[in-house]
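All you need for the working numbering is the position in the sequence shown, starting with 1, plus 107.
All residues carry an ideal CB built from backbone N, CA and C; glycine is no exception.
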Amino acid sequence: MGILVIEKEDLKHNINQVKKYAKKSDKNLKIIAIVKSNGYGLGLKEYTNFLLDNGIDFFAVASTEEAIKLREFGLKEEILMMSSTAIEEDVINMIKNNITITIGSKEAKDILIKCIKKTNKKPKIHIKIDTGFGRYGYLYNDTENILKDIKELQKFAKIEGIFSHFSTSFYKEKWTRLQYERFLSLINKIEEEGIQIPIKHIANSSSFIRFPEMNLDAVRIGSAFLGRVAVANRLGLKKIGYLESEISEIKLLPKGWNIGYSNTYKTKRETKIAIVPTGYAEGYHMKLESDMLSFKNKIRDIIQAIKKLFKNTNLYVEINNKRYPVLGRIGMYHVTVDITGENLKIGEKVKMQANPLYVDSSVRRLYK
Ligand SMILES: *Cc1c(COP(=O)(O)O)cnc(C)c1O
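Given below as structure tokens:
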């Protein structure tokens with residue numbers, strides 16, 4: 108089995124680049140590090156601690172479970188759970204663990220107030236607005252109900268923030284601007300009622316890089332820290348993470364021998380192969396062509412990536428900084444590599460491309 112290597116110096120570099128770029132736009136701009144989905148695959152605990160050690164002090168996740176886990180790891184800093192929920196058990200748990208709660212509907216608001224009465228605590232909350240993503244949040248033009256709920260919530264909770272989320276900031280500028288305008292116009296209406304909410308935020312990594320003028324008070328950064336953004340890499344970010352495996356077998360195949368499932372590859376000459384015991388089940392070559400993070404489509408993406416790699420594209424692995432072609436289909440736990448004419452040995456380290464997000468959580472993470 109392979110391990111997922113995370114290059115500490117590169118990760119530090121990315122964090123510093125993000126911080127520098129944030130300061131350039133506004134020296135008080137807050138950075139909220141998104142560590143959902145097992146810290147984008149970098150390991151929830153190790154990754155969060157690494158960010159903490161590098162000056163990040165505000166974290167966000169997308170599930171109650173991950174928020175509570177962070178508290179259990181001993182994290183003292185602010186944790187925003189970005190998904191609005193009306194599930195009572197989750198809300199109680201979050202209040203008890205001092206998690207900042209997102210409210211994006213009347214139902215969530217009602218449950219929150221009920222739970223606050225039960226626990227006798229006053230949680231911090233952020234209001235979520237749907238400006239056209241079609242997921243969590245009050246519809247941005249439902250102004251009357253938003254104002255009513257905010258006024259009621261003010262009596263029970265500390266409203267620290269209000270936020271929305273872009274659906275196309277990695278490519279469609281016009282739609283992104285429209286979402287931004289919708290958000291601002293709602294905020295204006297809220298402020299006209301004499302209500303000031305300190306932290307207004309809408310930016311994710313792509314908009315932070317492309318449209319710093321939309322940063323507002325805080326930016327929510329996930330993929331930029333990994334250097335895996337679907338926009339021009341203006342900040343010189345480095346790609347974080349690769350799989351490291353080793354050669355477990357070497358053998359000679361005669362000319363005209365099939366390799367792998369479905370006989371998609373036949374040797375053209377006598378071929379020396381190395382077998383590397385790491386395959387797509389561990390995340391090898393999953394979704395490399397675009398590192399866009401669309402969690403809704405994760406399953407579909409995986410299926411497409413598998414189909415694609417079955418088409419025998421020009422895949423390679425690296426051994427001692429040299430590329431070697433992968434022959435035939437990638438197996439669940441194996442790849443076969445052409446090392447004809449090379450003097451490589453069993454146990455030789457093999458470097459394989461992988462997006463950490465798709466690397467199975469059973470694979471060990473090594474920060475080095
Ligand atoms: C995942 C997520 C982000 C971070 O997005 P990146 O593009 O990875 O920076 C920000 N906000 C919300 C609500 C998210 O779900």
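* State the start and end residues of the unbroken beta strand (DSSP E) segment that holds V168. => 165-168
* To do: Using alpha carbons as the reference points, say which of E172, Q286, S170, R178 lies closest to A156.
  => Reading off the sequence shown, one finds Asn at residue 156, where the question assumed Ala. When only C-alpha atoms are compared, the closest one is R178.
* Cα-Cα separation between G239 and L182, rounded to whole angstroms -> 33 Å
* If we count the other Cβ atoms within 10 Å of its Cβ and call it buried at 16 or more, is G435 buried or exposed? -> buried
* To do: List in chain order: all unbroken alpha helix (DSSP H) runs of 4+ residues lying wholly within the stretch 295-374.
  => 312-317, 330-333
* Alpha carbon to alpha carbon, how far is A193 from G367? -> 49 Å
* Asked: In angstroms, rounded to a whole number, what distance separates the CA positions of A331 and K130?
  -> 16 Å
* To do: To the nearest angstrom, report how far apart G343 and Q124 are at their CA atoms.
  => 8 Å
* Under the three-state DSSP convention, the category M108 falls into -> coil
* In angstroms with no decimal places, state the Cα-to-Cα distance between I347 and Y431. => 21 Å
* To do: Keeping to the same chain, check which residues put their C-beta closer than 7 Å to that of I306; ignore five residues upstream and five downstream.
  => K137, E267, G268, D324, A325
* Report back the beta-carbon spacing between I110 and E351 to the nearest angstrom; my notes put them in contact at under 8 Å. => 5 Å
* To do: Could you tell me whether the stretch 457-475 touches the stretch 358-366, where touching means 3 or more Cβ pairs closer than 8 Å?
  => no
* Close-in-space but distant-in-sequence residues of the same chain around I206 (CB under 6 Å, 5 per side omitted) -> A174, I186, M188
* Find out if the Cβ-Cβ distance for the pair I139, I328 is shorter than 9 Å. => yes
* If you draw a straight line from the C-alpha of I380 to the C-alpha of M439, how long is it? -> 18 Å
* Asked: Enumerated in chain order, which unbroken segments of the beta strand (DSSP E) with a length of 3 residues or greater are wholly contained in the stretch 157-221?
  -> 165-168, 185-188, 207-210
* With hydrogens ignored, establish whether the beta-carbon of N311 is closer than 8 Å to any heavy atom of ligand 1. => yes
* Using the DSSP secondary-structure output, state which residues sit across from Y431 in a beta bridge. => V424
* What are the boundary residues of the alpha helix (DSSP H) that I257 is part of? -> 250-261
* D117 - DSSP class collapsed to helix/strand/coil -> helix
* Hey, R376 and T447: beta-carbon distance below 9 Å or not? -> yes
* Which residues share a DSSP beta bridge with K131? -> Note: K131 sits in no beta bridge, so no partner.
* **Cβ neighbours of K265 in the same chain (closer than 8 Å, five flanking residues each side left out)** => K229, P230, K231, I232
* Residue burial classification, E389 (beta-carbon count within 10 angstroms, cutoff 16) -> buried
* Asked: If you draw a straight line from the C-alpha of Y278 to the C-alpha of V338, how long is it?
  -> 8 Å
* Sequence-distant residues of its chain with Cβ nearer than 7 Å to H120 (five each side left out) -> K345
* Asked: Could you give the residue range of the alpha helix (DSSP H) that holds K456?
  -> Careful: K456 lies outside any alpha helix (DSSP H), inside the beta strand (DSSP E) at 456-459.
* To do: Note the first and the last residue of the continuous alpha helix (DSSP H) segment covering Y474.
  => Run containing Y474: none in the alpha helix (DSSP H); it sits in the beta strand (DSSP E), 472-474.
* Asked: Is any heavy atom of ligand 1 found at a distance shorter than 8 Å from the C-beta of H272?
  -> yes
* Cβ of K456 within 8 Å of any heavy atom in ligand 1? -> no
* Asked: In three-state terms, what does DSSP make of A264?
  -> coil
* Asked: Do three or more CB pairs link the stretch 295-303 to the stretch 214-229 at distances below 8 Å?
  -> no
* Asked: Taking the beta strand (DSSP E) that K143 falls in, what are its first and last residues?
  -> Per DSSP, K143 belongs to no beta strand (DSSP E); it is in the alpha helix (DSSP H), 143-147.
* Asked: Sorry if obvious, but does the Cβ on K143 come closer than 8 Å to a heavy atom of ligand 1?
  -> yes
* Asked: In terms of residue numbering, what span does the beta strand (DSSP E) encompassing D237 cover?
  -> 231-237
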